[in-house]
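I have placed the structure first, in the form of structure tokens, so that the comments after it can refer back to it.
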Amino acid sequence: MPSRRRIPLGRQAAVAALAGLLAAAPAAAEAPSGTDVSPPLEPAPRWFEAIAVNGFVSASWGRNLNDPASGGNELRAFDTENGSIALDVASLVIGKEAGKAGETGFRLDLLAGSSVPGVTAAEGLFRAEETGEAGDFDLLQAYVTWVAPVGRGLTLDVGKFVTPAGFEAVDGFEEWNDNATRSLQFTLSEPTTHTGVKAGYGFSDTLSAQLLLVNGWDDAKDRNGRKTLGASITLVPGAAWSVTTTLLHGPEQEGNDADDRSLLVVSGTWEPDGPLGAAACLELGREEGLGEGGETVRWWSLAGYLTWKVAPVVSLALRAELFDDPDGARTGTAQRPFGLTLTPTVPLGSGFVVRADLRVDVSDAEVFEDEDGLFMKKRQPTFLVNALYAF
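Take the position in the sequence shown, starting the count at 1, then add 24; the result is the number in the numbering used here.
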């Protein structure tokens, strides 16, 4: 809140006298006919009036029906604790938009919580370099923006920002996912953030593109001598359709400039006027030098989404997904897990939403822990209730 200047007590009488003289002074004579009288100047906007402040809070409780001895869930991003009520995240977003050529802006996403920040924290920033551990705070995004006067406006972002790869995102005040838990794709296949430079340009109302030059996947500090390149193209052929293709390529291993990692993501959405909607996301990944004898490893995943607005205050979301990790490069075990998630959602007020995930993950390998602490199960059924508030 801006501070207010107060007039010292010793000056109040003088100010009052001056105000009285001004009030008693005769009105200015009217300007002669034909004289150009300029309108009064509009006051310049104050800098803080252009800054927006938004927030988001999410809390969850979940139960793993396998009752794992360690109390942890496998193959999950944020809902890793069994039976605990968790403040997933409380985020504060401060920013100034830059929408026209020549304008500048910025954005800061401050996160605190017991579930999300420990996963989203990047190497070299709020994550210990020695142990790789992260705490309960993260700076998810921190970048400055400039719109260069090129054509329709070339947007340049410099700093730390979320990745354009993937369909699902970290829940926030702008949008949250239809399912309360994150997919196998989000958890195992793709990065969360990048640090570097991003350029975006809208060629038309139906075609836009982005180019990235960044340190790598979730790296605030580069871990090798080369950068990662990225490109993303979004096509909106109709009011209900959109398709986005993203490619990331570059070295991601510590001190290794020779072996590259590549990820191709193709996602599409269908959101017509009506109660039904659908989406799908395909991801193909590969990385050199991680297999036996330095061979290239590969993985792929496919996720499909259906949403149905059952009533004005109730909606259902169904997610089905398959993740193929034949070399165990992303999960640590050669396997092909399948996930199925059903999520009813009920909005209880302006910005207040309650969701419940009924989820089961099934693998062709015994990778899920049981009540004896042994990894002897091929299924992991879970239930989770989530409440969120955005403003």
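Glycine included, every Cβ here is placed at the ideal spot set by N, Cα and C.
Would residue i be called buried (16 or more neighbouring beta carbons within 10 Å of its own) or exposed?
i, result
"F161", "exposed"
"P275", "buried"
"L45", "A caution first: L45 carries a pLDDT of 33, below 50, which makes its placement in the model unreliable, though a value can still be read off. Under this definition L45 is an exposed residue."
"K245", "exposed"
"D284", "buried"
"T406", "buried"
"A51", "Below a pLDDT of 50, predicted positions are generally treated as unreliable, and A51, at 40, falls in that range; no measurement from the model is reported."
"S94", "exposed"
"T316", "First, the amino acid is wrong: residue 316 is Glu here, not Thr. Result: exposed."
"R176", "exposed"
"L398", "exposed"
"S139", "buried"
"L164", "buried"
"D242", "buried"
"G318", "exposed"
"T128", "exposed"
"A49", "Confidence at A49 is low in this model, with a pLDDT of 39, below 50, so the placement of that residue is unreliable and no value is reported for it."
"G373", "exposed"
"E54", "Low confidence applies to E54: its pLDDT is 44, below 50, so where it sits in the model is not reliable, and the reading given next is rough at best. It is exposed - the Cβ of E54 has fewer than 16 other Cβ atoms within 10 Å."
"E199", "exposed"
"D103", "buried"
"A282", "exposed"
"A76", "exposed"
"P92", "buried"
"F415", "exposed"
Note down the Cα distance separating residue i from residue j, rounded to an integer number of angstroms.
i, j, result
"G123", "V174", "13 angstroms"
"F416", "I118", "This structure leaves residue 416 out entirely; the chain is present only between 25 and 415."
"A193", "N201", "7 angstroms"
"W332", "L306", "22 angstroms"
"A152", "D133", "20 angstroms"
"G249", "N280", "8 angstroms"
"D396", "L208", "25 angstroms"
"G79", "P350", "41 angstroms"
"T211", "R70", "43 angstroms"
"N88", "N106", "6 angstroms"
"T320", "A302", "34 angstroms"
"Q277", "A145", "18 angstroms"
"G262", "T230", "8 angstroms"
"E393", "T357", "14 angstroms"
"L366", "L340", "7 angstroms"
"P299", "V334", "7 angstroms"
"A166", "P296", "34 angstroms"
"D385", "L314", "26 angstroms"
"T169", "N203", "31 angstroms"
"Y329", "S291", "11 angstroms"
"T205", "D388", "22 angstroms"
"R379", "V338", "10 angstroms"
"E214", "A74", "34 angstroms"
"V391", "G148", "31 angstroms"
"L346", "G363", "6 angstroms"
"L382", "A344", "12 angstroms"
"G21", "V409", "What the structure shows of the chain is the stretch from 25 to 415, and residue 21 is not part of that stretch, so it cannot be assessed."
"L135", "P368", "26 angstroms"
"L259", "F191", "15 angstroms"
"R354", "Y413", "33 angstroms"
"L416", "V171", "In this structure the chain extends from 25 to 415, so residue 416 is not present and cannot be described."
"T293", "K402", "32 angstroms"
"A264", "P141", "34 angstroms"
"E311", "V377", "40 angstroms"
"R247", "P371", "44 angstroms"
"D348", "L271", "19 angstroms"
"T268", "S286", "17 angstroms"
"P188", "H218", "9 angstroms"
"Q359", "F227", "42 angstroms"
Which partner residues of residue i appear in the DSSP bridge assignment?
i, result
"Q209", "DSSP lists no partner for Q209."
"G328", "A304 and A344"
"I257", "A233 and T269"
"D284", "P275"
"F80", "S115 and A414"
"R403", "V386"
"S374", "DSSP lists no partner for S374."
"D381", "L408"
Answer with yes or no whether the minimum CB distance from residue i to chain D is below 8 angstroms.
i, result
"Q359", "The chain labelled as chain D is not found in the depicted structure, where only one protein chain is given."
Count the C-beta pairs between the stretch 69-87 and the stretch 107-118 that are closer than 8 angstroms, then say yes if the count reaches three, no if not. The stretch 69-87 vs the stretch 107-118: in contact.
Please confirm if the stretch 180-188 is in contact with the stretch 150-158, defined as three or more CB-CB distances below 8 angstroms between the two stretches. The answer is no - the stretch 150-158 does not touch the stretch 180-188, with fewer than three Cβ pairs under 8 angstroms.
Kindly confirm or deny that the stretch 124-134 and the stretch 90-103 touch, where touching means at least three C-beta pairs closer than 8 angstroms. Note that the stretch 124-134 does not touch the stretch 90-103; fewer than 3 beta-carbon pairs, one per stretch, sit closer than 8 angstroms.
Contact the stretch 233-242 vs the stretch 254-266: 3+ CB pairs below 8 angstroms: Note that the stretch 233-242 touches the stretch 254-266; at least 3 beta-carbon pairs, one per stretch, sit closer than 8 angstroms.
Please list the segments of the beta strand (DSSP E) lying wholly inside the stretch 93-123, counting only runs of 3 or more residues, in order along the chain. Segments of the beta strand (DSSP E) lying fully in the stretch 93-123: 109-120.
Mind pulling the beta strand (DSSP E) runs of 3 or more residues that sit fully within the stretch 152-240? For the stretch 152-240, whole beta strand (DSSP E) runs of length 3 or above, ordered along the chain, are 161-172, 178-186, 217-226 and 231-238.
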